């Protein structure tokens with residue numbers, strides 16, 4: 001699958017990477033700040049999440065983070081809404097408990 005970043009629409013690339021301390025956070029941020037097409041970089045240390053907004057190719061962002069930091073990096077896991085189990089599908093909200101049984 002070939003991805004082509006278009007100059008007309010910026011995308012947000014979310015990357016899962018281990019961020020333990022301020023030094024790690026700084027290292028991860030600096031790894032992508034200089035990339036061509038990057039407009040914004042957000043780091044969520046507690047979530048181990050890096051968000052890069054711009055005209056970038058997701059695979060190149062992941063590769064650059066891994067190469068520059070020496071850390072394992074992967075695209076943020078995405079679970080489609082219809083795959084997640086919901087309480088209404090399980091019937092837990094449709095039945096009332098019977099009293100005195």
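Residue numbers (UniProt numbering): 1 to 101.
For glycine and all other residues, C-beta sits at the position ideal for the given N, C-alpha and C.
Predicted, not measured: the structure shown is a model, and the values here were computed from it.
Residue burial classification, residue i (beta-carbon count within 10 angstroms, cutoff 16)
{"i": "residue 50", "result": "buried"}
{"i": "residue 12", "result": "exposed"}
{"i": "residue 47", "result": "exposed"}
Supposed contact pair residue j and residue i - C-beta distance, whole angstroms, cut 8 Å
{"i": "residue 10", "j": "residue 64", "result": "At roughly 17 Å, the Cβ-Cβ gap does not stay under 8 Å, so residue 10 and residue 64 are not in contact."}
{"i": "residue 58", "j": "residue 16", "result": "Rounded, the Cβ-Cβ distance is 12 Å, inconsistent with contact."}
{"i": "residue 14", "j": "residue 75", "result": "7 Å"}
{"i": "residue 26", "j": "residue 41", "result": "Contact doesn't hold; Cβ gap of about 11 Å is too wide."}
Enclosing alpha helix (DSSP H) for residue i [first to last residue]
{"i": "residue 25", "result": "22-33"}
Simplified DSSP assignment, three categories, for residue i
{"i": "residue 72", "result": "coil"}
{"i": "residue 66", "result": "helix"}
{"i": "residue 77", "result": "coil"}
{"i": "residue 36", "result": "coil"}
{"i": "residue 46", "result": "coil"}
Those residues which DSSP pairs with residue i across a bridge
{"i": "residue 52", "result": "13 and 41"}
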